[in-house]
Amino acid sequence: MAATQSLSQPDPDRPSDSTKSLSILIMDAEEKPAESDNMEERTLSAKNETSVSPNSSQDTAPLGHPRDNTGQSEAFGSPGDRAVYPPNIYAPQAQAFYCRDMEVAQCYLDGNADAVEFCTHEPYHNVLAAATYTLQEGDRPSRTGSISLFDVNPDMGRFELFYRVETVGIFDIKWSPVVGNVGPMLAQADADGYLRVHGLECCSNGGDSLSLKEIVGKKISSSMCLCVDWNPSTTSISVGLSDGSVSVVSFLESQLNVIQEWKAHDFELWAASFDIHQPQLVYTGSDDCKFSCWDLRDGPFNLVFQNSKVHKMGVCCIAKSPRDPNILLTGSYDEHLRLWDVRSISKPVNETSVCLGGGVWRVKYHPYVPGVVLAACMHNGFAIVKIDEEKGEVMETYTKHGSLAYGADWQRGNLSHKVKQNSSVVATCSFYDRLLQIWIPESSVVKQL
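If you number the sequence shown the way the UniProt record's numbering does, the last residue is 449 and the count never jumps.
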């Protein structure tokens, strides 16, 4: 199968969008995978890559150096994992798979891939957003990025890029939760200190084509916006900043206004998440190894609790259980996924921890199966973990990315019946090799009940 036309490289001075379609077809089981025209241009393994691109400065990771609980900065990963990938090779291009094992399809993005999010709204569960961040150094250094929208339907044999917009470098994206008749919106946290909200809309030329239309954008800080989360009612958004601050921004009548902002941590703040059961609470995690909770009702400085002893390195992600209001997960550079009981909110109890063999950068609860989470484990690929009250257990790992594992999400809606009987569909992405993968977990824990 031949790849369709690659997308143009971004102009860092002027964002633009593109509706050129890149079709990535899923092969029938009887077909054979197409060979690359240039085998040497395939994904380079981060562990055995030794050559260095003359453009190596472009591929610096956006994510600073993880710190241990003494505040000392470490090198970001082992030397063997700091591979450099020439940007001209990894423009978007198609590649197909057998419908066997776990893989369904893949695509190389136009920049370093750091976030993927499936739309949470009906009837758009097939829409996948992927974001990139690439540091462009030179006389005029800049951070460029993009958001790409894909149509993902393994049962119909469809994986198509149908929309792309060039942006500044993006650290995080998040679809809005489903609330009443409010349509799907995508929040964006970027390196220029902007929070932007896009609406998913039909194109103005009619038909069924979809695109993103910016509703509002606001520069909320001179620091970089590192993470973003919606409150359950979509009326406000939390943003973590690179100077350790957190901003709570109201979103009313298509306007953004900072209503609270405070210095929450000493270093970069990678997680700022609303409690979906008690939205007056915001949890934060940072490179200072602290895990904190704040009550927004009593002013921005009402610290409910702060734990600075359990995480041995920086806190990367926080996820509240969608079913159990007492359970919360944290992920850390120290390679551990931790389960917390927050019934005593002033002193949460660390019930269990699971070592995943790599920094736990992102954690996503399964939308339907209780106690199952998908974790992006940086240098150790991706893991599906089953968590109960007594223990956590790794049920499956996926290590077919060649670089830092950052983005991961479950597809909502109907599970795949044709490709794998009653199976969930997963999207993952890795940073330096710019690889986006769609795959089907094999573990029985994610089969439809």
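Ideal Cβ placement from N, Cα and C applies to all residues, glycine included. A quick note: this is a predicted structure, and the numbers were derived from the prediction, not measured.
Taking all protein chains in view, the Cβ of residue 182 is surrounded by fewer than 16 other Cβ atoms within 10 Å, so the residue is classified as exposed.
Judged by pairs of C-beta atoms under 8 angstroms, the stretch 131-138 does not touch the stretch 151-161, as fewer than three such pairs exist.
CA-CA distance, residue 397 to residue 384, rounds to 6 angstroms. Residue 338 sits in a strand when the DSSP states are folded into three classes. DSSP, reduced to helix, strand and coil, places residue 269 within a strand of the structure shown. In the DSSP assignment, residue 284 forms a beta bridge with 272 and 292. For residue 187, the CB contacts under 6 angstroms within the same chain, skipping 5 residues up- and downstream, are 174, 197, 228 and 237 in chain order.
From the listed residues 180, 323 and 202, the smallest Cα separation to residue 369 is found for 323. In the same chain as residue 358, and ignoring 5 residues on each side of it, the C-beta atoms closer than 8 angstroms to its own belong to 335, 377, 378, 379, 380, 381 and 405, in chain order. Scanning 260, 339 and 250 for the CA closest to the CA of residue 299 turns up 260. Annotation: residue 273 to residue 209 spans about 32 angstroms, alpha carbon to alpha carbon.
Collapsing the DSSP output to three states places residue 298 in a helix. By the C-beta density criterion, residue 339 is buried, having at least 16 other C-beta atoms within 10 angstroms.
DSSP places residue 147 in the uninterrupted beta strand (DSSP E) bounded by 142-153. Assigned with DSSP and collapsed to three states, residue 353 falls in strand. Counting C-beta pairs closer than 8 angstroms gives fewer than three between the stretch 249-259 and the stretch 302-318, which falls short of the contact rule. Following the DSSP letters along the chain, one finds residue 447 in no beta strand (DSSP E), marked with neither H nor E.
Under the three-state reduction of DSSP, residue 224 is assigned to coil, being neither helix nor strand. Taking the CA atoms as reference points, residue 423 sits about 29 angstroms from residue 112.
Distance from the Cα of residue 165 is smallest, within the candidate group 212, 125 and 119, for 212. For residue 250, the enclosing beta strand (DSSP E) starts and ends at 245-252. Around residue 318, the same chain offers 271, 273, 283, 285 and 330 as residues with beta carbons nearer than 6 angstroms, after the five sequence neighbours per side are excluded.
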